[in-house]
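Asks: I am attaching a structure below and will ask some questions about it afterwards.
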Amino acid sequence: MKVDANYAAGAYENWKASDWPRTYQNPTYKNMFAAGIAFAPPHLISKPMSSPNGTPINPTPPRTGMPSGIIGKAVAHSVCDLMTQGENAHLHEASMAEMGAACVASAGKGVLTGTAAAMTVYPVVPDFEKYPGTGRDTDYTFGEIGLAGHWIKHILHFLFIYKAKLNPGWTLIPE
């Protein structure tokens with residue numbers, strides 16, 4: 009679904025981080041919001057390329073996991089505020105051009121032999137105006153592989169199950 013994004017950005021050279029949605033509200037139907045994979049990205053997050061045989065390589069932003077949790081929370085707060093305060097309520101914002109994300113991809117199950125790739129990226133959508141060259145803050149964008157990532161993945165698994173069950177203190181666990 010189209011939301012509050014700039015869908016007329018045109019060529020890659022014209023893409024900006026500010027093209028990305030902030031409130032995820034549909035511009036035509038103000039009572040409709042789209043979070044996670046439900047919103048239509050205004051464009052790719054990196055320069056379009058193709059493989060040697062011509063297959064398009066079109067990287068799109070991660071709209072599941074951590075980003076969708078943050079976006080979903082902002083949308084939920086906006087909907088609650090609209091219900092309690094009316095149509096003039098302030099809408100909460102969660103631009104992917106201003107948020108970071110972390111991902112841990114496990115590759116093995118042994119307690120001492122497992123491994124995982126752990127990576128962070130900030131911001132999710134590159135901002136070449138703020139971070140010339142790479143579009144990202146290189147202090148907060150990095151990746152590691154090893155046993156530590158495996159343990160983090162294991163710990164996060166239990167934390168997210170705990171949170172999903174709404175156990176005491178679940179609100180302290182981040183998206």
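Each residue of the sequence shown is one higher than the last, beginning at 9 in our numbering. Idealized CB from N, CA, C, for every residue including glycine. Remember, it's a predicted structure, so these values are computed and weren't measured experimentally.
With C-beta atoms as the reference, is S86 less than 8 angstroms away from T31?
Replies: Taking 8 angstroms as the Cβ cut-off, S86 and T31 qualify as a contacting pair.
Asks: Have a look at S26, L155, K171 and flag the residue whose alpha-carbon is nearest the alpha-carbon of P2.
Replies: With the chain covering 9 to 183 only, the question about residue 2 has no answer from this structure.
Asks: Is H98 closer than 8 angstroms to G122 when the C-beta atoms are compared?
Replies: No, the pair does not count as a contact, with Cβ atoms beyond the cut-off.
Asks: Residues bridged to Q33 by DSSP?
Replies: Paired residues: F41.
Asks: What would DSSP say about I53, mapped onto helix, strand or coil?
Replies: In the structure shown, I53 sits in coil (DSSP, three-state: anything other than H, G, I, E or B).
Asks: Cutting at 8 angstroms between CB atoms, please list the residues of its own chain near P49, excluding the five before and the five after it.
Replies: A13, W28, T68, P69, R71, listed in sequence order.
Asks: Under 8 angstroms, with one C-beta from each stretch per pair, do the stretch 164-183 and the stretch 38-54 reach the 3-pair mark?
Replies: No, the stretch 164-183 is not in contact with the stretch 38-54.
Asks: Residues in the same chain with beta-carbon distance under 7 angstroms from R144, minus the five sequence neighbours each way, listed in chain order, please.
Replies: These residues qualify, in order along the chain: V129, Y130, P131, P134.
Asks: Can you find the residues in the same chain that come closer than 6 angstroms, C-beta to C-beta, to E183, ignoring five residues on each side of it along the sequence?
Replies: The residues are M74, G77, I78.
Asks: Use the C-beta contact count for V112: other C-beta atoms within 10 angstroms, 16 or more gives buried, fewer gives exposed.
Replies: Flag for V112 reads buried.
Asks: Using CA coordinates, which residue listed in D89, F150, M57 is at the minimum distance from Y20?
Replies: Checking every option, the nearest Cα to that of Y20 belongs to M57.
Asks: Name the residue from E101, G151, E137, A109 whose alpha carbon lies nearest to the alpha carbon of N22.
Replies: For the residues E101, G151, E137, A109, the minimum Cα distance to N22 belongs to E137.
Asks: For W178, I'd like the list of residues in its chain whose CB is within less than 7 angstroms of its CB, leaving aside the five on either flank, ordered along the chain.
Replies: Closer than 7 angstroms at the Cβ level, and outside the excluded window around W178, lie Y170, K171.
Asks: Using a Cβ-Cβ cut-off of 7 angstroms (strictly less than) and excluding sequence neighbours within five positions of A82, which residues of its own chain qualify?
Replies: For A82, where only same-chain residues beyond five positions count, the Cβ hits under 7 angstroms are H100, E101, A102.
Asks: V133 by DSSP, collapsed to three states: which one?
Replies: V133 falls in the coil class under three-state DSSP.
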